[in-house]
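Going by our numbering, the first residue of the sequence shown is number 691, and it counts up by one from there.
Below is one structure; the comments refer to it alone.
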Amino acid sequence: MRDTPSPRRNRHTRVARLAAKLRNRHARAQVQAPDPADVAAALKANDDVQNAMHVQSLPIRAYLDTTVVPVLLDGMSALVKERPPNPVEWLATYLIKNNPQGSTNHQA
């Protein structure tokens, strides 16, 4: 006579396999809390996009007052104090160095 597993043993094996599958699914489905640094970066990126969209929809005067006028006034104040021989070139260099949006690809 062959050694055949009993129906009870088969059922126990099937239940154990099913429980293992469920544990694996549950382990994969668990979500860890996001890293606070990642959340902060995502919120900042969202704010940047929202601000960019807002600036793009402003009327001309408001757009210039928001983006260009502050740095331009600072540059013109510094220009008057400095009084360089080539004021336009000096102001252009000032604006490039003091760009509030950071560095851009430009040729000097």
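All C-beta atoms in this analysis are idealised placements derived from N, C-alpha and C, irrespective of residue type, glycine included.
These numbers were taken from a predicted model, which means no experiment stands behind them.
- request: Less than 8 Å between the CB atoms is what I'm expecting for threonine 756 and valine 770, so what's the real figure, rounded?
  value: Here residue 756 corresponds to residue number 66 of the sequence shown, with the count starting at 1. Here residue 770 corresponds to residue number 80 of the sequence shown, with the count starting at 1. The Cβ separation is near 24 Å, so there is no contact.
- prompt: Hey, would you say glycine 765 sits closer than 7 Å to leucine 781, going by beta carbons?
  reply: Taking the first residue of the sequence shown as position 1, residue 765 is located at position 75. Taking the first residue of the sequence shown as position 1, residue 781 is located at position 91. Against a cut-off of 7 Å, the Cβ pair of leucine 781 and glycine 765 comes out as a contact.
- prompt: When DSSP labels each residue in this structure, what does proline 777 get in the three-state scheme?
  reply: Stepping through the sequence shown from its first residue, residue 777 is reached at position 87. In the structure shown, proline 777 sits in a helix (DSSP, three-state: H, G or I).
query: Alpha carbon to alpha carbon, how far is alanine 706 from aspartate 728?
result: As a position in the sequence shown, residue 706 is number 16, starting the count at 1. As a position in the sequence shown, residue 728 is number 38, starting the count at 1. Spanning the two alpha carbons is a distance of roughly 39 Å.
query: Which first and last residues belong to the alpha helix (DSSP H) in which alanine 752 is found?
result: The residue labelled residue 752 in the question sits at position 62 within the sequence shown. Looking at the DSSP string, the run of the alpha helix (DSSP H) that includes alanine 752 is 750-757.
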